[in-house]
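Here's the structure we're looking at; comments come further down.
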Amino acid sequence: MSHEDTGNRISVDVAMKNLVEGNRRFVTGNLSAKDLGQDKREDLLKNGQHPFAVVVTCSDSRVPPELLFDQALGDLFVIRVAGNVLDAVPLGSVEYAVDHLHTPLVVILGHENCGAVHATVEGGDPPGSIGAITTLIQPSVDKVRAMGLDGHELCEKAADENIRATLKDLENSPVIKNLLDKGQLALVGAKYFIGSGEVVFFE
Ligand SMILES: [Zn+2]
70 MSHEDTGNRI
80 SVDVAMKNLV
90 EGNRRFVTGN
100 LSAKDLGQDK
110 REDLLKNGQH
120 PFAVVVTCSD
130 SRVPPELLFD
140 QALGDLFVIR
150 VAGNVLDAVP
160 LGSVEYAVDH
170 LHTPLVVILG
180 HENCGAVHAT
190 VEGGDPPGSI
200 GAITTLIQPS
210 VDKVRAMGLD
220 GHELCEKAAD
230 ENIRATLKDL
240 ENSPVIKNLL
250 DKGQLALVGA
260 KYFIGSGEVV
270 FFE
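Numbering (the numbering used here), first residue to last: 70 to 272.
Next up, the structure:
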């Protein structure tokens, strides 16, 4: 066990409830009061972090997890990468949180109108290292395109498929599989709707 394990591990159910209720506050504009002051910061420094959820989401400026789940300092362990895809480096961040910090819930949060998904649908040869992202999204686009979809519907269904593919990538991690087998971890997909502010969790 890590020295950072306080034994006060929050349950998956409570973690989910925190996110669902936080998003409801965000949607309705009833935001909770947050302690961002000196005492809180010093407490987090002294006692370390115990985030209750890991959120893997897109870098899109309209999708900040702490705001849309109405959470505060120390609550969420966030990995943001365009298109919410995982290769070794961001996957290592998730593994660190669940294995070392014992965070019990990982959310893969995609969103509507995702530029990374759109770029993948458009195809071509993106400049620089952008292709490293679209290559990871491509199988999801191919799968949905094979169903005969195109245009906006293709982009949105591919975004959904990409969330599921990222969940699969997590399940393929031995570190994560071990915790899933022991019942100490849950994974869930979700999609954020930019206009309404609503997060819809996958079944
Ligand atoms: Zn995006």
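Each residue gets a CB set at the ideal place from its N, CA and C atoms; glycine is no exception. As the structure is a computational prediction, the values presented were derived from the model and not from experiment.
Its Cα nearest to that of residue 183, the residue 129 stands out among 129, 216, 135 and 173. Linking residue 187 to residue 224 through their CA atoms gives a straight-line distance of about 6 Å. By the CB criterion at 8 Å, residue 160 and residue 242 fall inside the cutoff. Distance from the CA atom of residue 238 to the CA atom of residue 124, rounded to whole angstroms, is 15 Å. For residue 104, same chain residues with a beta-carbon under 8 Å away, outside a window of 5 residues either side, are 141 and 142 in chain order. Residue 261 is bridged by DSSP to 180 and 268. The beta carbon of residue 163 sits closer than 8 Å to the beta carbons of 123, 125, 148, 155, 175, 239, 242 and 245 from its chain, once the five residues preceding and following it are set aside; these are given in chain order.
For residue 97, the enclosing alpha helix (DSSP H) has its first and last residue at 81 to 97. The distance from the Cβ of residue 131 to that of residue 263 is about 5 Å, consistent with a contact at the 8 Å cut-off. Residue 106 and residue 113 have their C-alpha atoms spaced approximately 11 Å apart.
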